[in-house]
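Count the sequence shown with full-length UniProt numbering and you get residues 1 to 331, in order. Worksheet: one structure, shown below.
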Amino acid sequence: MSLLRQQGPAAAVPPSPSVEKVAGTYAAGRKTGRRTAGLSARTRHKAMGLLLVTPFGLLFAAFLVAPLAYAFWLSLRTSTLVGGDHFSWFANYKQTFTDPHFLSGVRRVVVFGLVQIPVMLGLALLGALIIDEVTSRLAKVFRMTLFMPYAVPAVIGALMWGFLYSPTFGPVNSLTDALGLGKVDLLGHSLMLTSLGNIVTWQWTGYNMIVLYAALQGLPREVYEAAKLDGAGQLQTALRIKVPMISSAIVLTLMFTIIGTLQFFTEPRVLEPTASSVITPDYTPNLYAYNLAFQYSEFNYSAAISFSLGAVVFIGSYLFLFATRKRSGLK
């Protein structure tokens, strides 16, 4: 009897795994490897993004969040010579909204904005419509000329206009006197808001015009061609097609202008030494808070005024956006 027959079935060679099982195991291993590599790449990208954002986050926290938190903490405290420094909760805020100096400054900037904002945005919209219609080199020159005042720092612009307005050696008074109109006190009580409005309009009209012009450039030109085929002239196209289609940009520039008007500070602060009898320390809310802090050392009350003005700006902006959300498309 042969040796193989003597060993019997116990000595048989074990069956090898099937080709399908081996292929499936190999494919599963490759899929798991790709998933692990993808997760690691995603993790590396996230870590790199956090690393790049970290310097900005640190600067943002150090120079904005921390000062705001400290100012809010100051606004909740009261410091007096008799009572010392103590926690007073919202007593400073209650005093702010009953302070006649703060309320008069708010009324003054509101009156200023009711006149200056429509004039400035009207000129900006007119300039944007004109340069959108003209496609020659003259449009580029016109666009750059109107935008140049925005490139001038606000302090330098206010100093320049203060020189022009000067009642003693200003060229404007010299010109009116030479024309036989007499000297006009542009820094007097009756014309101060007008003079300030002229400075702000000169400074910001070009900026708003560029924003509105960019919105006009994004409109489809087929609409203009269809309007021409329907017999619409340039004025009708501008008023009935262009202006309604850029209403969201108009509302956006209007909102930013309202915020800037309520925070009016630079121009009256620069002209304050020249017209100290007119521009009082409480001429605008921001100027009032500045003078309280750095001239009278009332840091607690000044911080409360600043946060109160910020609340007024925030509520006013929200109500304005809420009232115009359907017309403008902003949400």
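Think of the CB as a built atom: it goes at the ideal place given N, C-alpha and C, for glycine as much as any other residue.
Is the distance from the Cβ of residue i to the Cβ of residue j below 9 Å?
i: Phe-265; j: Thr-253; result: no
i: Met-255; j: Gly-206; result: no
i: Gly-316; j: Ile-258; result: yes
i: Ser-174; j: Thr-274; result: no
i: Gly-209; j: Leu-125; result: First, the residue type needs correcting, since residue 209 is Met and not Gly in the sequence shown. Yes, they are a contact pair.
i: Trp-204; j: Gly-260; result: yes
i: Gln-263; j: Val-313; result: yes
i: Leu-159; j: Val-278; result: no
i: Ala-238; j: Leu-212; result: no
i: Thr-78; j: Asn-291; result: no
i: Ala-154; j: Glu-267; result: yes
i: Thr-176; j: Lys-183; result: yes
i: Ala-70; j: Ser-308; result: First, the residue type needs correcting, since residue 70 is Tyr and not Ala in the sequence shown. Against a cut-off of 9 Å, the Cβ pair of Ser-308 and Tyr-70 comes out as no contact.
i: Leu-164; j: Val-172; result: yes
i: Glu-298; j: Gln-234; result: no
i: Gln-236; j: Ala-226; result: no
Applying the 10 Å Cβ sphere with the 16-neighbour rule, what's the burial state of residue i?
i: Gly-157; result: buried
i: Ser-75; result: buried
i: Arg-143; result: buried
i: Gln-116; result: buried
i: Phe-102; result: buried
i: Thr-98; result: exposed
i: Val-82; result: exposed
i: Ala-41; result: exposed
i: Leu-51; result: exposed
i: Trp-161; result: buried
i: Gly-231; result: exposed
i: Phe-56; result: exposed
i: Phe-112; result: buried
i: Ala-323; result: exposed
i: Pro-229; result: Pro is not the amino acid found at residue 229; the sequence shown has Leu there. That one is exposed.
i: Leu-129; result: buried
Taking the alpha carbon of residue i as the reference point, which residue from the options has its own alpha carbon closest?
i: Leu-187; options: Pro-153, Trp-89, Gly-197; result: Gly-197
i: Ala-214; options: Val-172, Phe-294, Ile-131; result: Ile-131
i: Leu-319; options: Ala-139, Arg-44, Val-251, Thr-145; result: Val-251
i: Val-243; options: Leu-216, Lys-228, Asp-230, Ala-227; result: Leu-216
i: Tyr-296; options: Thr-80, Ala-71, Leu-164; result: Thr-80
i: Tyr-150; options: Pro-100, Thr-201, Phe-294; result: Thr-201
i: Thr-96; options: Arg-325, Ala-311, Ala-323; result: Ala-311
i: Ser-276; options: Leu-114, Ser-88, Met-192; result: Met-192
i: residue 332; options: Arg-221, Leu-229, His-189; result: Nothing in the structure corresponds to residue 332, since the chain is present only between 1 and 331.
i: Thr-168; options: Gly-180, Asp-185, Ala-66, Ala-178; result: Asp-185
i: Leu-321; options: Leu-64, Ser-247, Phe-294; result: Ser-247
Give the secondary structure of residue i by DSSP, where H, G and I count as helix, E and B as strand, and everything else as coil.
i: His-45; result: helix
i: His-189; result: coil
i: Gly-84; result: strand
i: Ser-277; result: coil
i: Arg-221; result: helix
i: Thr-168; result: coil
i: Ser-297; result: coil
i: Thr-78; result: strand
i: Asp-282; result: coil
i: Glu-272; result: coil
i: Ile-246; result: coil
i: Gly-105; result: helix
i: Trp-73; result: helix
i: Asp-177; result: helix
i: Gln-95; result: helix
i: Ala-232; result: coil
i: Pro-153; result: coil
i: Lys-140; result: helix
i: Trp-161; result: helix
i: Gln-263; result: coil
i: Trp-204; result: helix
i: Val-134; result: coil
Does the contact criterion of 3 or more C-beta pairs under 8 Å hold for the stretch 296 to 306 versus the stretch 114 to 121?
no
Touch check for the stretch 276 to 292 and the stretch 94 to 107: three-plus C-beta pairs under 8 Å?
yes
contact_flag[the stretch 286 to 295, the stretch 57 to 66] where n(CB pairs < 8 Å) is 3 or more
The stretch 286 to 295, when compared against the stretch 57 to 66, does not touch it at the 8 Å Cβ threshold.
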